[in-house]
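Below is one structure; the comments refer to it alone.
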Amino acid sequence: MKPIIAPSILSADFGHLAKDIEMINRSEAEWVHIDIMDGVFVPNISFGFPVLKYVAKLSKKPLDVHLMIVNPEKFIPEVKALGAHTMNVHYEACPHLHRVIQQIREAGMQPAVTINPATPVALLQDIIRDVYMVLVMSVNPGFGGQKFIEHSVEKVRELRALIERTGSKALIEVDGGVNLETGARLVEAGADALVAGNAVFAAPDPEAMIHQLHDL
17 MKPIIAPSIL SADFGHLAKD IEMINRSEAE WVHIDIMDGV FVPNISFGFP
67 VLKYVAKLSK KPLDVHLMIV NPEKFIPEVK ALGAHTMNVH YEACPHLHRV
117 IQQIREAGMQ PAVTINPATP VALLQDIIRD VYMVLVMSVN PGFGGQKFIE
167 HSVEKVRELR ALIERTGSKA LIEVDGGVNL ETGARLVEAG ADALVAGNAV
217 FAAPDPEAMI HQLHDL
């Protein structure tokens with residue numbers, strides 16, 4: 017089965033955002049990945065809901081919204097209003113994760129949880145049956161263009177084993193340093209979805225790169 021490709025607009029050209037979203041619409045990408053950063057949970061600020069309303073209006077692909085923020089549950093109504101398909105919150109930012117996952121589902125979105133590079137897969141044991149997807153960060157969140165953390169491949173293997181052992185239906189997504197080489201290893205390890213930023217938007221032909229990633 018081919019991996020789901022979710023281009024990250026954090027790496028898009030913000031001066032020509034409409035053009036880049038039109039490219040994603042034409043491409044074989046299944047989702048649009050949106051990173052929301054608050055400068056608190058991660059050391060950077062990305063974009064807020066006024067910009068995202070514009071993205072949602074233009075995108076013909078489901079929105080995969082990744083909240084790298086503290087208290088993400090406060091923004092469930094705003095993310096829902098975008099028409100988001102998936103709302104992704106960090107394990108590290110949610111002391112009451114089960115409640116937040118329930119609230120996301122009750123709002124009509126698919127709930128997902130993200131783990132940082134230093135967060136063990138084993139900590140998901142008690143939530144893995146309740147989530148639509150787990151996002152494994154293969155770089156430290158906050159900036160695009162970082163080097164891929166090699167241990168991430170083993171984390172994907174561990175996560176796949178946990179999913180199979182528990183009977184969970186959760187998808188595995190990976191974000192950070194994904195390109196043709198790392199993407200191939202991640203898919204072999206059990207990843208279902210790949211978030212790609214620089215690999216897509218810095219490519220001479222972004223649509224062709226999406227096609228190549230899709231064929232991994």
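Each residue of the sequence shown is one higher than the last, beginning at 17 in our numbering. Where a beta carbon is used, it is the ideal one built from N, C-alpha and C, also for glycine. Here the structure is a predicted model, which is why all the values come from computation and not from measurement.
Alpha helix (DSSP H) segment containing residue i, residue limits
i	result
T130	It is not in any alpha helix (DSSP H) - T130 instead sits in the beta strand (DSSP E) that spans 126-131.
A34	33-42
I179	167-182
V216	214-217
G199	196-205
M225	222-230
Nearest-angstrom beta carbon gap, residue j and residue i [assumed within contact, 8 Å]
i	j	result
A128	L151	6 Å
S184	I131	Actually they do not touch by this definition, with Cβ atoms about 15 Å apart.
E189	A215	The pair is not a contact, with the Cβ atoms about 15 Å apart (cut-off 8 Å).
L235	H101	Within the shown structure, residues of the chain are numbered from 17 to 232, placing residue 235 beyond reach of any answer.
G158	N60	5 Å
I50	V86	Going by Cβ atoms, the distance from I50 to V86 rounds to 18 Å, so no, they are not a contact pair.
I52	M84	6 Å
V155	G192	3 Å
L98	A138	Rounded, the Cβ-Cβ distance is 33 Å, inconsistent with contact.
K69	E46	Rounded, the Cβ-Cβ distance is 22 Å, inconsistent with contact.
Q119	I92	6 Å
P19	V203	5 Å
E94	F65	5 Å
M149	L175	Rounded, the Cβ-Cβ distance is 11 Å, inconsistent with contact.
R42	E180	No, R42 and E180 are not in contact; Cβ-Cβ is about 36 Å, not under 8 Å.
H230	E44	5 Å
Those residues which DSSP pairs with residue i across a bridge
i	result
D51	H82
S191	In the sequence as presented, Ser is not what sits at residue 191; that position holds Asp. For D191, which the question treats as bridged, DSSP gives the partners M153, V211.
Residue span of the beta strand (DSSP E) that contains residue i, given as start and end
i	result
P23	20-23
Fill in: Three or more C-beta pairs below 8 Å linking the segment 22-33 and the segment 123-136
They do not touch, by the three-pair rule.
Worksheet entry | Entirely enclosed beta strand (DSSP E) segments - the segment 95-148, minimum 3 residues | Under the rule that a run must span 3 or more residues, the beta strand (DSSP E) segments found entirely inside the segment 95-148 read 102-106, 126-131.
Practice prompt. Identify every run of the beta strand (DSSP E) within the segment 55-94, keeping only runs that are complete inside it and at least 3 residues long; order them along the chain.
Written response: Unbroken beta strand (DSSP E) runs of no fewer than 3 residues, entirely contained in the segment 55-94, are found at 79-84, following chain order.
Fill in: Given 8 Å, three or more beta-carbon pairs between the segment 164-175 and the segment 193-200
Yes, since at least three Cβ pairs between the segment 164-175 and the segment 193-200 fall closer than 8 Å, the two stretches touch.
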